[in-house]
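Engineer: Shown below is the structure under consideration.
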Amino acid sequence: MRRLLLIGVMLLSAFVARADEVTFEALSPKVVTRGEVFRVEFTLNAEPSGFVPPSFQGFDVLAGPTEAKSQSIQIINGDVTKSLTFTYTFVLQGNEAGKGSVSAAEVTVEGQKYRTEPFTVEIVDEGSAQSSRPAVVGGGSSSASSEATISKDDIFVRVTVDKSRVYKGEPVRATFKLYTRQPMSGVESAKYPSFNGFWTQELSDQNYQWQRENYNNKVYDSRIIREYLLYPQQVGTLQIEPFDLTVIAQIIIKSSRQSVFDDFFGAGPEVQEVRRKLSTSPVRIEVMSLPSGAPASFNGAVGQFSLDATAPQGAITANSAATYTLRISGRGNLPLINAPKVEFPTSFELYNVKTTESLKTTTSGISGYRQFEYPFIARAEGRYVVPAIEFSYFDPRTAKYEILSAPALELEIARDSTSAGQTSSGIVSGLTKEEIKILGQDIRFIRLSSPQLAPKGRLFMWSPLWFCLMGLFVVLFIVAYTVGNRYLKNMRNDRFVRGRRANKMALRRFRAAEDYMKQGDQHGFYEEMLRALWGYMSDKLDIPVADLSRENIREELYTRNIPDEQADRFIRIIAECEQAQYSPVASAQMHDIYREGVDLLSKFESAIKR
Amino acid sequence: MKRILLLFLVIAPVVGLRAADLRALWDRANTAYVNENYPEAIACYDSIAVTGQESAILYYNMGNAYFKAGQIGKAILYYNRAQRLDPSDEDIAYNLTVAGSYAKDHIEPIPEFFLKRWVHDMRSSLSSNEWAVASLVLFAVFLAALLLYLLPLQRPLRKTGFWSGVVALLLFLMAAGFASTERREAIDASYAIVMSGAAPVKSSPDAASKDLFVLHEGTKVKLLDQLNGWREIQLADGKKGWIDTSSIEQID
């Protein structure tokens, strides 16, 4: 079943292919002179099964239709190509000046009907001009005297432009055409103009054919030599300079020495070749400047265009390449259009814009597209916006500027997963030696101990607790001050009393000592003297008697600005008293010691003011 | 009032998460880190952080996890947060240096006046809380010295009290100043880290304005001014410009 289907499809396709190939065309000169006999051919590249001849208006059918069939078979590497040409030929003659028309001819090929386009043929009355060329070719009656004379009208070149007033950048089609009424053997040394002020594009060679054409009521054989599209690049009047062409024309002359032999051997009329230099007249083209008010994005594009933007496909990750494509298509001076400026984010790495074009040069201008690819590499992830792109052109048809825009492009660049972590550093610039050393090392390990969490943003400083503690300290201070102050005041009073008492106590003890001295009780005297001296010092210096020693008495006295000499004397008296207290030797010094003690204490009393 | 309300809102879910739960999360995060499952570690640390609890150790571990996961910007952000809370920690400083070496921008800071640097070094030797405690202690010392001076004691004692009071007062002012400066830095987010891979810095708070320069992930910037969605920033080398708020994250 499947196989059957396949075969069916193949057959069908073969049929379709064949059917596609069928062409049915009419071939005819476009211009004829009155009375000229000419041929109209209908060619078909298939075997016809029926032919309906066309109707001719304004012509006499002299002969036809005549069928002719030609077939060729080509075998190349075993591939057989068969080509078949079927031709119906009519021989016609136009009798009235004006237009004759040929209606559609119809042919049937394998049940399918094909028709030609109806066409018209112009019949020109050349009036009294010499007889038509076939007559010339036929060797007519003109004598040798007319040799080598070719009138200016017989052969010339002409340049035509489709527009003579254009905007700057709008294409002008310039056609260089050769017209002749003489047979020609060839063309020599063509010198094309330099087209100053234009950007030129030669139209692709279309295998120009000789055509019959009516020019100034004369029928010429004409042929396009070359066609250009000219894009004016300057404003003002531009001139297409003359185009020079040298042709070799053939002039048929009848030999004066013509003999029977000549005729017999077919020498016929002689042909003389004449070189002729032809030149076109200059053509002026007025180039208008583009109107003012061009958009900021205008960059000289003239024509009709459309703009397509193609965003990069799929997800883009950082560090991978992507392409943003803009395509400008349409008709106009496409090759002169530069890549529109695209404002990519600054962190993108940009590369050269790749331009591809597919252009077709036709007679009406260049059409096709010009595509700009903007390759880029996003180095970092994130959301980016490529702003809208504006492209403007001038439309010469409406004489207005048109603005095209591609919408802003939002790009989501994903994080580069392949180079995460250590390798993500990529190019690290400006590293010092020390830093490179650090790169080689790893970070220190995490802490596994308790996280010691605390509520966020709660800091001790200026916190209520801090202020409370400060206040507490102040309160403590005030309390300590008041308590301490009172205590110290009391103590000072105490001490003051004692200090004042000291003298009294000492005096009382001195008196007692004096009594002992009178009684002669040596032991009692010294004991009382010592008690008076120590007691005085204790009270005066506010040091308990038990803590008193000679050293700290000396120090204390020193700090109270008592002269050293007096302190020494005091220490000496104490030492003498202690020594004498238990000494069996009676001493007569009791009186001296007593006096000295009293004297010293009175000095201290005046010195130590508390 | 609003703040208290906010605090409540933040704390409300925390009440649900008891200390034991936090501890379990903490252990899970650390285990994930040890097992090199960094995304999970980050997720667990994050769920601790969203409870409103913080500590230098938590941020330090988060920074480590982000670093290992290859997110240098986040790592630097969390090391900075950790350093905020504990400026004297050596590990934080070390890891911050390592992570910083992976950041693309190397900005040469303007050399500071040596005295300023000393003061800064001294300030960052203790955290805000530690300085606050120090300030309290010094205040107590000052009051004691004042007491010594004010009470009717002997002249040398009072003299000692006076001078030590002056010294203690100066030290107290210094400690309180440091504590409050660090507190302000910790609460007011005056610094931020660039988070997006490449962020253009504009001459004005407007997307259409001119690009001055481009910053890359992990760069620390000082925040100055703000205007609908844009922040004015200053780099360590003194350059200024405006950056899109979405491409930076504040250290707070």
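Protein chains in written order, with the working numbering: chain A, 1 to 610; chain B, 1001 to 1252. C-beta: ideal position from N, C-alpha, C; glycine also. All values reported here derive from a predicted model rather than from experimental measurement.
Are the segment 113-129 of chain A and the segment 21-32 of chain A touching, with three or more C-beta to C-beta distances below 8 Å?
Structural biologist: yes
Engineer: So, under 8 Å CB-CB, I1076 of chain B and A1103 of chain B are touching, yes? Tell me the CB distance rounded to an integer number of Å.
Structural biologist: The residue labelled residue 1076 of chain B in the question sits at position 76 within the second sequence. The residue labelled residue 1103 of chain B in the question sits at position 103 within the second sequence. Confirmed, Cβ separation roughly 7 Å.
Engineer: Alpha carbons only, please: which of B:Q1250, B:R1183, B:L1150 and B:R1018 is nearest the one belonging to N485 of chain A?
Structural biologist: The residue labelled residue 485 of chain A in the question sits at position 485 within the first sequence. Measuring from the Cα of N485 of chain A, the nearest candidate turns out to be B:L1150.
Engineer: E1108 of chain B to G1229 of chain B, Cα distance in whole Å?
Structural biologist: Working through the second sequence from its first residue, we reach residue 1108 of chain B at position 108. Working through the second sequence from its first residue, we reach residue 1229 of chain B at position 229. Approximately 28 Å, taken between the alpha carbons.
Engineer: Quick one: is Q452 of chain A near chain B, going by C-beta distance under 7 Å?
Structural biologist: As a working note, residue 452 of chain A is residue 452 in the first sequence. So yes, Q452 of chain A belongs to the interface.
Engineer: Are there 16 or more other CB atoms within 10 angstroms of the CB of I1110 of chain B, so buried, or fewer, so exposed?
Structural biologist: For the purposes of this step, residue 1110 of chain B is taken as the residue at position 110 of the second sequence. Exposed, by the Cβ-count rule.
Engineer: Around the Cβ of L453 of chain A, are there at least 16 other Cβ atoms within 10 angstroms (buried) or fewer (exposed)?
Structural biologist: Here residue 453 of chain A is taken as the residue at index 453 of the first sequence, counted from 1. L453 of chain A should be labelled buried.
Engineer: Determine the direct distance from the alpha carbon of S297 of chain A to that of S306 of chain A, and round the result to whole angstroms.
Structural biologist: Position 306 of the first sequence, counting from 1, holds the residue named residue 306 of chain A. Position 297 of the first sequence, counting from 1, holds the residue named residue 297 of chain A. Using only the alpha carbons, I get a separation of about 15 Å.
Engineer: Does E1112 of chain B come within less than 7 Å of chain A when only Cβ atoms are used?
Structural biologist: Your numbering for residue 1112 of chain B matches position 112 in the second sequence. Taking Cβ atoms only, chain A never reaches closer than 7 Å to E1112 of chain B, which makes this a no.
Engineer: Measure from the C-beta of F243 of chain A to each C-beta in chain B and report whether the shortest distance is under 7 Å.
Structural biologist: What you label residue 243 of chain A is simply residue 243 of the first sequence in a count that begins at 1. Chain B, which has no Cβ nearer than 7 Å to the Cβ of F243 of chain A, makes this no.
Engineer: Do you know whose CA, among A:Y369, A:G457 and A:F59, lies nearest S1180 of chain B's CA?
Structural biologist: As a first step, residue 1180 of chain B is located in the second sequence; it is residue number 180 there, counting from the start. Minimum Cα distance to S1180 of chain B is reached at A:G457.
Engineer: Which partner residues does H591 of chain A have in the DSSP bridge list?
Structural biologist: One-based indexing of the first sequence puts residue 591 of chain A at position 591. H591 of chain A is not bridged to any residue.
Engineer: Compile a chain-ordered list of the residues in the segment 471-488 of chain A whose CB is closer than 8 Å to at least one CB of chain B.
Structural biologist: F473, V474, L476, F477, A480, Y481, G484, N485 and L488
Engineer: Does the ligand SAM have a heavy atom nearer than 6 Å to the CB of H1216 of chain B?
Structural biologist: The ligand content of the structure shown is nil, which means the ligand SAM is not present either.
Engineer: Which residues bound the beta strand (DSSP E) around L409 of chain A?
Structural biologist: Walking along the first sequence from the start, residue 409 of chain A turns up at place 409. For L409 of chain A, the enclosing beta strand (DSSP E) starts and ends at L409 to A414.
Engineer: What does the alpha-carbon distance come out to for the pair R572 of chain A and G1161 of chain B?
Structural biologist: Stepping through the first sequence from its first residue, residue 572 of chain A is reached at position 572. Stepping through the second sequence from its first residue, residue 1161 of chain B is reached at position 161. A direct Cα-to-Cα measurement between R572 of chain A and G1161 of chain B gives close to 37 Å.
Engineer: Report buried or exposed for Y594 of chain A, applying the criterion of at least 16 other Cβ atoms within 10 angstroms of its Cβ.
Structural biologist: Here residue 594 of chain A refers to the residue found at position 594 of the first sequence. It counts as buried.
Engineer: L359 of chain A lies in the alpha helix (DSSP H); which residues open and close that run?
Structural biologist: Residue numbering aside, residue 359 of chain A sits at position 359 when the first sequence is read from its first letter. Premise fails: L359 of chain A lies in the beta strand (DSSP E), K354 to T362, not in any alpha helix (DSSP H).
Engineer: Within the continuous beta strand (DSSP E) that includes L1126 of chain B, where are the two ends?
Structural biologist: By one-based count along the second sequence, residue 1126 of chain B stands at place 126. It is not in any beta strand (DSSP E) - L1126 of chain B carries neither H nor E in the DSSP assignment.
Engineer: I think Y393 of chain A touches V302 of chain A, with their Cβ atoms under 8 Å apart; what is that distance to the nearest whole Å?
Structural biologist: For the purposes of this step, residue 393 of chain A is taken as residue 393 along the first sequence, with counting starting at 1. For the purposes of this step, residue 302 of chain A is taken as residue 302 along the first sequence, with counting starting at 1. Correct: roughly 6 Å between the Cβ atoms.
Engineer: Using beta-carbon positions only, say whether P193 of chain A and E227 of chain A come within less than 7 Å of one another.
Structural biologist: Here residue 193 of chain A is taken as the residue at index 193 of the first sequence, counted from 1. Here residue 227 of chain A is taken as the residue at index 227 of the first sequence, counted from 1. No, they are not a contact pair.
Engineer: Considering only their Cβ atoms, is the gap separating A607 of chain A from I562 of chain A smaller than 7 Å?
Structural biologist: For the purposes of this step, residue 562 of chain A is taken as the residue at position 562 of the first sequence. For the purposes of this step, residue 607 of chain A is taken as the residue at position 607 of the first sequence. Their beta carbons are under 7 Å apart, which means I562 of chain A touches A607 of chain A by this criterion.
Engineer: Do A1198 of chain B and R379 of chain A count as a contact pair if the criterion is CB distance below 7 Å?
Structural biologist: For the purposes of this step, residue 379 of chain A is taken as residue 379 along the first sequence, with counting starting at 1. For the purposes of this step, residue 1198 of chain B is taken as residue 198 along the second sequence, with counting starting at 1. Result yes, Cβ atoms of R379 of chain A and A1198 of chain B sit closer than 7 Å.
Engineer: Does A1019 of chain B come out as helix, strand or coil in the three-state DSSP assignment?
Structural biologist: Residue 1019 of chain B sits at position 19 when you count from the first residue of the second sequence. A1019 of chain B: helix per DSSP, three-state reduction.
Engineer: Nearest to E1090 of chain B by alpha carbon, out of B:S1125, B:D1105 and B:K1074?
Structural biologist: Here residue 1090 of chain B refers to the residue found at position 90 of the second sequence. Taking only the C-alpha atoms, the option nearest E1090 of chain B is B:S1125.
Engineer: For K1196 of chain B, which residues in chain A fall below 8 Å Cβ to Cβ?
Structural biologist: Walking along the second sequence from the start, residue 1196 of chain B turns up at place 196. Note on identity: in this sequence residue 1196 of chain B is Ser, with Lys being the wrong assignment. Within chain A, the residues near S1196 of chain B are A380, E381 and G382.
Engineer: Please confirm whether E1054 of chain B has its beta-carbon closer than 7 Å to some beta-carbon of chain A.
Structural biologist: The residue you call residue 1054 of chain B lines up with position 54 of the second sequence. Among the CB atoms of chain A, one or more fall inside 7 Å of the CB of E1054 of chain B.
Engineer: Mapping the DSSP letters down to three states, classify G186 of chain A as helix, strand or coil.
Structural biologist: Position 186 of the first sequence, counted from the first residue, corresponds to residue 186 of chain A. Strand, per DSSP.
Engineer: Can you list, in chain order, the residues of its chain with a C-beta nearer than 8 Å to that of V124 of chain A? Leave out the 5 residues immediately preceding and following it.
Structural biologist: Within the first sequence, numbered from 1, the residue matching residue 124 of chain A stands at position 124. Excluding positions up to five away in sequence, the list reads V31, V32, T33, R34, A97, N214, N217, K218 and V219.
Engineer: Comparing C-alpha positions only, which one of B:K1210, B:P1200 and B:L1227 sits nearest to T1219 of chain B?
Structural biologist: Sequence index remark: in the second sequence, residue 1219 of chain B carries index 219 (1-based). Comparing Cα positions, the closest option is B:P1200.
Engineer: Return the first residue and the last residue of the beta strand (DSSP E) that W1230 of chain B is part of.
Structural biologist: The residue you call residue 1230 of chain B lines up with position 230 of the second sequence. First-last of the beta strand (DSSP E) with W1230 of chain B: W1230 to Q1234.
Engineer: Here's the rule: buried if 16 or more other CB atoms are within 10 angstroms of the residue's CB, otherwise exposed. What is W1026 of chain B?
Structural biologist: Taking the first residue of the second sequence as position 1, residue 1026 of chain B is located at position 26. With a threshold of 16 other beta carbon atoms within 10 Å, W1026 of chain B meets it and is buried.
Engineer: Please compile the residues from chain B whose C-beta is within a distance smaller than 8 Å of the C-beta of S405 of chain A.
Structural biologist: Residue 405 of chain A sits at position 405 when you count from the first residue of the first sequence. The contacting residues do not exist; S405 of chain A stays about 16 Å from chain B at best.
Engineer: Does F1162 of chain B have its Cβ less than 7 Å from a Cβ in chain A?
Structural biologist: The count along the second sequence starts at 1 and reaches residue 1162 of chain B at position 162. With 7 Å as the cut-off, F1162 of chain B does not count as an interface residue toward chain A.
Engineer: Per the DSSP calculation, L278 of chain A is bridged to which residue(s)?
Structural biologist: Along the first sequence, read from residue 1 onward, the residue named residue 278 of chain A stands at position 278. Its beta-bridge partners are A:L245.
Engineer: Is the beta carbon of D60 of chain A closer than 7 Å to that of Q112 of chain A?
Structural biologist: Taking the first residue of the first sequence as 1, we reach residue 112 of chain A at position 112. Taking the first residue of the first sequence as 1, we reach residue 60 of chain A at position 60. No, these two residues do not count as a Cβ contact at 7 Å.
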